[in-house]
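A.B. asks: Quick one: this structure, given as structure tokens, is what I'll be asking you about.
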Amino acid sequence: MSSHTYDYLDGNAAAGELSAIFAMDVTIAESQCAHCGAIKRFAEAHVYMQAPGVVARCAVCEHVLLRFVKARQRVFLDLRGMTCLILDTSQPHEC
Ligand SMILES: [Zn+2]
Numbered sequence: 001m002s003s004h005t006y007d008y009l010d011g012n013a014a015a016g017e018l019s020a021i022f023a024m025d026v027t028i029a030e031s032q033c034a035h036c037g038a039i040k041r042f043a044e045a046h047v048y049m050q051a052p053g054v055v056a057r058c059a060v061c062e063h064v065l066l067r068f069v070k071a072r073q074r075v076f077l078d079l080r081g082m083t084c085l086i087l088d089t090s091q092p093h094e095c
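Numbered continuously in our numbering, the sequence shown closes out at residue 95.
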């Protein structure tokens with residue numbers, strides 16, 4: 001087992017990157033972890049920015065919730081670590 005740890009930010013760090021593809025503010029959404037089932041605000045996720053893209057991990061079990069990579073004119077978004085992303089349409093948001 002590796003003892004190397006990486007610094008992470010909270011889910012708000014991913015807001016800029018994700019706002020390009022989601023019109024709503026994803027950081028106020030709730031996400032359900034596909035591994036442990038925890039439902040938490042995305043802003044509570046542990047976001048790692050040191051990779052070629054953005055990786056968000058569950059704050060409870062560290063399972064990968066989301067991978068986001070931009071390569072030239074393409075965006076690769078992997079959400080398979082989430083069972084569900086819950087967006088509240090009653091919340092006002094800025095565009
Ligand atoms: Zn989890």
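The beta carbon of each residue, even a glycine, is placed where N, CA and C say it ideally should be.
Between I39 and Q32, how many whole angstroms is the CB-CB distance? I'm expecting something under 8 Å.
C.D. replies: The residue labelled residue 39 in the question sits at position 39 within the sequence shown. The residue labelled residue 32 in the question sits at position 32 within the sequence shown. That pair is a contact at about 5 Å.
A.B. asks: Taking the alpha-carbon of R80 as reference, which of S90, D25, R67, Q73 has the nearest alpha-carbon?
C.D. replies: Here residue 80 refers to the residue found at position 80 of the sequence shown. The candidate whose alpha carbon is nearest that of R80 is R67.
A.B. asks: For the beta strand (DSSP E) that L96 lies in, which residues bound it at each end?
C.D. replies: Shown here, the chain extends from 1 to 95; a query on residue 96 therefore has no answer.
A.B. asks: Give the single residue among G37, E30, A34, A51 whose Cα lies nearest to the Cα of A43.
C.D. replies: Taking the first residue of the sequence shown as position 1, residue 43 is located at position 43. Ranking the options by Cα distance to A43, first place goes to E30.
A.B. asks: Just confirm the distance between the C-beta atoms of V47 and Y8, as a whole number of angstroms; I'd bet it's less than 8 Å.
C.D. replies: For this step, residue 47 is matched to residue 47 along the sequence shown. For this step, residue 8 is matched to residue 8 along the sequence shown. Contact holds; Cβ gap of about 6 Å.
A.B. asks: With DSSP as the reference, label A71 as helix, strand or coil.
C.D. replies: Residue 71 sits at position 71 when you count from the first residue of the sequence shown. DSSP places A71 in strand when its eight states are reduced to three.
A.B. asks: Just verifying my parser: in three-state terms, what is the DSSP assignment at I28?
C.D. replies: In the sequence shown, residue 28 corresponds to position 28, counting from 1. Correct three-state label for I28: helix.
A.B. asks: Given this structure, state the Cα-to-Cα distance separating D78 from R41, to the nearest angstrom.
C.D. replies: Looking up residue 78 in the sequence shown gives position 78. Looking up residue 41 in the sequence shown gives position 41. Each residue's alpha carbon lies about 18 Å from the other.
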